[in-house]
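Peer 1:
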Amino acid sequence: MAAPRKQFAVFEHSARGARAVPLGFSWPAAFLPSLWALVKGRFSLGLALLVVDVCAVVMVVMTWRTGADFITVVLRVLVGLAVGVWTGRHGAELAGEALEDRGFVFRGIVPSGSAASACTLVKSGSVQPVKSRAALAPRAFSFIPRPLQSIAAIAGLTWKSAIRFRLFWVMMGLLLLCVTVLPLMLKDDGTARGFIQIMLTYTLSIITALLGFSTLWTACGTLAKDIEDCQIQMVVTKPVARWQIWIGKWIGLVSLNAVLLGMAGISIYAMLTYRYSQLPPSLREELRTEIFVARAALKERPQEIRAEVDRVTAERIASMGGDRSVAPVDREEVRKQVQAKLVAEQTVVPPGYQRVWKIDVGTLSVASLQEQMQIRLKFQVARTNESGLYQGILQVGPPESDKVKNMPASFAPGTFHEIPIPRNLVDDHGILTIAFINGNDVGLMFPLDEGMEVLYRDGGFQVNFLRGLLIIFCWLALFAAVGLAAGSFLSFPVASLVAVAVFIVGMSSSTLQGVVDEGTFLGSDHDSGKPLNPALDFVMVPVFRLMLTVVNFSQGFSPVDSLSTGRSITWVSVGQAFVQVVVFSGGCFALFGIWRFNRRELAASQASS
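Position one of the sequence shown corresponds to residue 40 (my numbering), numbered consecutively onward.
1. Excluding the five sequence neighbours on either side, which residues of its own chain have a C-beta within less than 7 Å of the C-beta of VAL613, listed in chain order?
2. Is the beta carbon of ARG141 less than 8 Å from the beta carbon of GLY80?
3. Quick one, are the C-beta atoms of LEU523 and VAL621 less than 8 Å apart?
4. Taking contact to mean 3 or more Cβ pairs, one atom from each stretch, closer than 8 Å, check whether the segment 522-539 and the segment 363-378 are in contact.
5. Quick one: any contact between the segment 290-303 and the segment 470-489, if contact means 3 or more CB pairs under 8 Å?
6. Give me the residue from LYS417, ALA333, THR254 and ARG203 with the minimum Cα distance to ILE290.
7. Determine the closest residue to SER73 out of HIS52, GLY127 and TYR495, with distance taken between C-alpha atoms.
8. So the candidates are PRO461, THR247, PHE450 and SER440; which of them puts its Cα closest to the Cα of ASP467?
9. Which one or two residues does DSSP pair with PRO447 in a beta bridge?
10. Once the 5 residues before and after ALA59 are set aside, which same chain residues still bring their CB inside 6 Å of it?
11. Could you tell me which of ASN637, ASN503, VAL599 and PHE631 sits nearest to ILE608, measuring between CA atoms?
12. Identify, in the order they occur along the chain, each residue of the same chain with its Cβ nearer than 6 Å to the Cβ of VAL293, setting aside the five sequence neighbours on each side.
13. Does the structure place the segment 51-65 close enough to the segment 129-143 that three or more beta carbon pairs sit under 8 Å?
14. If I measure Cβ to Cβ from GLY106 and keep anything under 8 Å in the same chain, skipping five residues before and after, which residues do I get?
15. What separation, rounded to the nearest whole angstrom, lies between the Cα atoms of VAL537 and ALA192?
16. In this structure, what does DSSP give as the bridge partners for PHE500?
17. In three-state terms, what does DSSP make of MET273?
18. What residues in its chain sit with their C-beta under 6 Å from that of PHE623, if we drop five residues either side in the sequence?
19. Does the beta-carbon of ASP265 have 16 or more other beta-carbons within 10 angstroms, so that it is buried, or is it exposed?
20. If you draw a straight line from the C-alpha of MET210 to the C-alpha of GLU489, how long is it?
21. Could you check how far apart the C-beta atoms of ASN637 and TRP282 are, in whole angstroms? I think they sit under 8 Å.
22. Should GLY287 be labelled buried (16 or more other beta-carbon atoms within 10 Å of its own) or exposed?
23. With three or more beta-carbon pairs closer than 8 Å as the criterion, would you say the segment 315-329 touches the segment 338-350?
24. Can you have a look at GLU384 and say buried or exposed, based on whether 16 or more other CB atoms are within 10 angstroms of its CB?
25. Considering just the uninterrupted stretch of the alpha helix (DSSP H) at VAL302, what are its terminal residues?
26. Going by C-alpha distance, which of VAL395, ASP268, LEU214 and VAL91 is nearest PRO341?
27. What's the gap between the Cα of SER426 and the Cα of CYS259?
28. Please report the straight-line C-alpha distance between SER163 and VAL78, rounded to a whole angstrom.
29. Between PHE82, ILE245, TRP256 and LYS417, which has its C-alpha nearest LEU215's C-alpha?
30. Determine the closest residue to LEU381 out of GLN393, ILE356, LEU487 and VAL599, with distance taken between C-alpha atoms.
31. Any idea which residues DSSP pairs ARG334 with across the strands?
32. Report the residue from PHE455, HIS456, PRO461 and LEU428 whose alpha carbon sits nearest the alpha carbon of SER449.
33. Smallest Cα separation from ILE237: which of VAL611, GLY605 and SER65?
34. Please tell me whether TYR495 and SER407 are closer than 8 Å, where the distance is taken between their beta carbons.
35. Taking Cβ to Cβ, would you say ILE432 is nearer than 8 Å to ASN445?
36. When the Cα atoms are used, what is the spatial distance from THR242 to ILE307?
The following block contains the structure:
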C-alpha cells in the first residue's frame, strides 16, 4: 500500500476534540483571503483584509467613472495577487495559530489521507507524530503543483543570480533613467502632440532595445557560463531533467523581463499622465482625441476589377488580331497595362477633378458615432513644386444636402494628415461620403491601402497601452529563447555574438528582401549583369528566402507606432503576436536548444576546456 502524500498538523482540545490542518499551499486562503481568515477565527486579520479590499474596489470604481485610472486598476490587481499568495503560503501557519488562540494544543504532524483519519491516528496512538513545528512554516513554491516545482526552483535560481550580479538593479536604474531623463533631451516640433508622440516613440523603443540586448546577453550567460564554470553539474546531479533546467531558466528570464517591463511601463504612463495634467484644457482635449485614445480605422471597400481587366484585355487582344496573332508574353504584358490603368483610375485624382470615397460606418455603435472622428489621408505626387504644399478641398457629408462641409486646406505629400470632422455627417444608410477636389496642376495619387481612412474611437489609451506592452513582452520572450538556444551548445562569447547576429538579421528584413529580389548574394557584374558567384548564390539565396519567410512571419507586431498615433491594438493582434512570436518562433528555438542541451556532454566539454 502506497504511503499517503498529504501531511496534517494535528491540534487537540480537552473539550472540543482534535482538529487537523493540511500543510502546503491553501487555495481557499489565496482566493478568498478575508473570508477565509474570518472563518478560521483570525478576526483582526480578516477585518483588515476586508477593509483593504473594499477600499480598493471603491477606489477602482471611482477612478473608472472619472477617467479609468489605469495605474489604480493595475495596482489593485497586483496587491490582490500579493495578498492571495501570502495568505495561501501562510495558510497552515495562520490556521494553527488561530486554533492555539482558542485553547488547542499542538500534538504533531502526521501523514494521512484525510483530516479525519489524521485525528484518529493521533488519538489512537497508532502513529507517533513528529513534534517539530517547522513544517508549519511555508515552503518555497508550495503553491505550485509538484511536477512543476523543479522548473520553479530553476527559475528562482535564475532570479537569485540576476540579483546577485546586480543585473536586476542596474537594468531597473537604466530603465528609470531613460524614462525620466530622456524626455528632457528630446527635441520636438514645439507642440504638445509632437512632444507626447516623440516621448512615447523614443522611450518605448529604447526600453525595448535595452531589455532585448540584456535578455540576449543574460540568456547566453546563464546557461553557457554555468557550463563553463562547472556550476551546471551541481544542478544536473539533482532529480531534475535537462529540459526542466532549460525551461526553468527561460521562465526565470521571462518573469524578470515582466517585472522590469511592468515597472518601465508604469513609469512611462505616470510621466505621460503628469505631462498631460500640466497642459491647458484645450490641448488636453486634443490629446484625448488623437493620442490618449485607441482609434480603429474604416476604409472604402475595394472594388473588384478582375472581371473588368479580363474584359478590356480581351478587347485589346481582339483589336490586335486575336489570340493566334499575339504571343503569350505580349498577352501578359497587355493584361498588366490594363490592370495598371484601372488601378490608376481608382488612385489618381487628375488636376481639377475629384475623387469620392463612400465609407460604411453604420456598423459602429451610437457612442462611437457621437465621439470625434478624424479623416486620415495620404497621397503621393509625381513631381514636387517649390512650396512643397498642395491645395485641396475636402467635402464631407451626404452629397447635395445642407449637411455637406467644405474644408479647404494645404497638404504635404508623403505624410499622413488627420482632419477632425464634425459629427452627424452620416446619411440615413450609414454611409459617410468624402470627396477630395484636386486644385493643383499635377495629379495626386492616393494609395488604396492607406490613402483615405476614417478614424473612430475604439477604446481607451490605458488598455491599449497594456496591449502594446504585452506585444513587447512577446518579443522579449523570443529573445530569451534565442539566447538560451545559443548558450545550449556554444561558449559564452560565441553564443552572445550568434544571438546578437540573429537579432540584427531579424531587424534587417529589407536586406534579406533585397537579396531575395535580386537573386544574388554578392551582387552582379555591371557590364554583363551576371552574378559574381553563382555557386554561393545557389546556397545563400534559398537560405535568405527561408530567413525572410520566418522574419516576416514574426514581424508586423510593432506597437510603438500605433501607440504614438493613437491607433488601436486589438486583443486579436496580441493573440497573433503570442502565437507567431512566442509559440511558433520561440518554440522552434526552444526545441532546438533543449535538443542540443540534452545531447551535450557536460563533463567531456569541461575536461576539454
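Don't be surprised by glycine CBs; every beta carbon is placed ideally from N, CA and C.
If you're wondering where the values come from, they're calculated on a predicted model, not measured in any experiment.
Peer 2: In this structure, then:
1. ARG506, LEU509 and ILE510
2. yes
3. no
4. no
5. no
6. THR254
7. GLY127
8. SER440
9. ILE432
10. PHE47, VAL49, ALA154, ALA157 and CYS158
11. ASN503
12. ALA516 and ALA519
13. yes
14. Bear in mind that a pLDDT of 46 at GLY106, under 50, signals an unreliable position, so the number given afterwards is only what the model happens to contain. Here the set comprises nothing.
15. Cα to Cα, VAL537 sits roughly 28 Å from ALA192.
16. Answer is none; PHE500 lacks a bridge partner.
17. helix
18. Within the same chain, and ignoring the five residues on either side of PHE623 in sequence, no residue has its Cβ closer than 6 Å to its Cβ.
19. Classification of ASP265: buried, given that the 10 Å Cβ count is 16 or more.
20. 39 Å
21. 7 Å
22. buried
23. The answer is no - the segment 338-350 does not touch the segment 315-329, with fewer than three Cβ pairs under 8 Å.
24. GLU384 is exposed by the Cβ-count criterion.
25. Per the sequence presented here, residue 302 reads as Met, with Val not at that position. Unbroken alpha helix (DSSP H) run through MET302: 281-316.
26. By alpha-carbon distance to PRO341, the top candidate from VAL395, ASP268, LEU214 and VAL91 is VAL395.
27. 54 Å
28. 29 Å
29. ILE245
30. Nearest C-alpha to LEU381: LEU487.
31. ARG496 and ARG606
32. Here the closest residue by C-alpha is LEU428.
33. If we check each option's Cα against that of ILE237, GLY605 comes out closest.
34. yes
35. Cβ atoms of ILE432 and ASN445: closer than 8 Å.
36. The C-alpha of ILE307 is placed about 8 Å away from the C-alpha of THR242.
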